[in-house]
Amino acid sequence: MIKKNRFDEYAHGVRELMDTKRFRHTMAVAYTAQAMAMAFGEDYAQAGIAGLLHDCAKQLGDQRLLRICQKNNIPITDCERRNVSLLHAKAGAAMAASDFGVTDEAILSAIRYHTTGRPGMTRLEQIIFLADYIEPGRYRAPRLPEVRQMAFKDLDECCYMVLDSMMAYLAESEDDLDMTTKEAYDYYKFIHEKKQEDCHE
């Protein structure tokens, strides 16, 4: 169990890395993740720390993100080279380990995949992926009231809803599609469709 004073320590640390708006978002993600973890019987302390640190590299410049990834032998995709800001999740996981002393791989993995998702996410990974999307300060994403309700009912279905919205947005924009996101979408779409079939049998 992670003690409360460690949460406060991490909060102070990330505050030094962020402007006020980003820190407000970070705290909202941490508290949303804790609430979701309690709803699903997961470790709320883990969820809180992962939420606090998920964007610890968000406001670093492109060159610093690239250096962190190179230093830690983190593979960089062509998509990420064209959109270096996408590396903040991978770089953030490395920073959480090196700068904040996090050794819990479950937390590091949740930070690493919080933007793209991945097929077969752990519950903690799902919680951070979704908490980042639904925290109370968010208001632009489609179907947010419905997604927020689903986030406390069915993590797999909620991941499908969010990934479906992400795919629709990327199809209409000029942004590159990260293949990990496409793989995550296909995975959760299969689960969604299987549930639909089972309901109609």
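Each residue of the sequence shown is one higher than the one before, starting from 18 at the first, in the working numbering. Ideal Cβ positions, reconstructed from N, Cα and C, are used throughout, including at glycine.
Counting only unbroken stretches of 4 or more residues, the alpha helix (DSSP H) elements lying wholly within the stretch 122-193 are 122-129, 140-151, 161-167 and 172-189, in sequence order. Around the CB of A185, fewer than 16 other CB atoms lie within 10 Å, so the residue is classed as exposed. In the three-state scheme derived from DSSP, where H, G and I count as helix and E and B as strand, K199 is classed as helix. Assigned with DSSP and collapsed to three states, I91 falls in coil, not helix or strand. A50 and G30 have their C-alpha atoms roughly 19 Å apart.
By the C-beta density criterion, G65 is buried, having at least 16 other C-beta atoms within 10 angstroms. For S102, no alpha helix (DSSP H) run applies, since DSSP gives it neither H nor E. Non-local C-beta neighbours of R41 in its own chain, meaning closer than 8 Å and more than five positions away in sequence, comprise G154, ordered along the chain. Looking from the CA of A123, the closest CA among P159, T139 and G109 belongs to T139. Taking 8 Å as the cut-off, the Cβ atoms of F57 and L172 count as close.
Of A111, D95, L70 and E59, the smallest CA-CA separation from R84 is found for A111.
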